[in-house]
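Residue numbers (our numbering): 1 to 93. Note that CB positions come from ideal geometry on N, CA and C, so glycine has one too. One structure below.
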Amino acid sequence: DNVFHNRMRYRLGSKIKLNNTFFIRLNNEFIWTIQTEKNDAFTENRAYGALGINVFKSANIQVGYLNRKIKGLDLHRLQLGFFYKLDLRKKNI
Numbered sequence: 001d002n003v004f005h006n007r008m009r010y011r012l013g014s015k016i017k018l019n020n021t022f023f024i025r026l027n028n029e030f031i032w033t034i035q036t037e038k039n040d041a042f043t044e045n046r047a048y049g050a051l052g053i054n055v056f057k058s059a060n061i062q063v064g065y066l067n068r069k070i071k072g073l074d075l076h077r078l079q080l081g082f083f084y085k086l087d088l089r090k091k092n093i
């Protein structure tokens, strides 16, 4: 069976600067599945809290906790991430 589902996501987040090097990242993301057979629209919630370290002006490392609730499952994860902001705008050489 080929079943097509649409998903809608909404993420609310905040970055709290502690000083020039460290910050706290807080996110909560809600995910709904549209057009399900049972109309159980709300399917997932992701709550995330992390301590971040600015490595460069355009890069940081985050160590945090991710809690995912998916249709009755409650998953707890530690997460390590490297985030880099790539600027593809044309610059004068």
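Here Gly13 carries a strand assignment [DSSP, helix/strand/coil]. Distances from the alpha-carbon of Ile31 to those of Arg25, Lys71, Glu44 put Glu44 closest. Per DSSP, Asp87 lies in no beta strand (DSSP E) and is assigned neither H nor E.
The closest CA to that of Arg9, considering only Phe83, Thr33, Tyr65, is found on Thr33. Sequence-distant partners of Gly52 (beyond 5 residues in either direction) whose C-beta falls short of 6 Å from its own C-beta, in its chain, are Phe23, Arg25, Asn60, Gln62. For Gly72, the three-state secondary structure derived from DSSP is coil.
Arg11 places its beta carbon less than 8 Å from that of Glu29.
Contact annotation: Leu66 and Tyr48 have beta-carbon atoms nearer than 8 Å.
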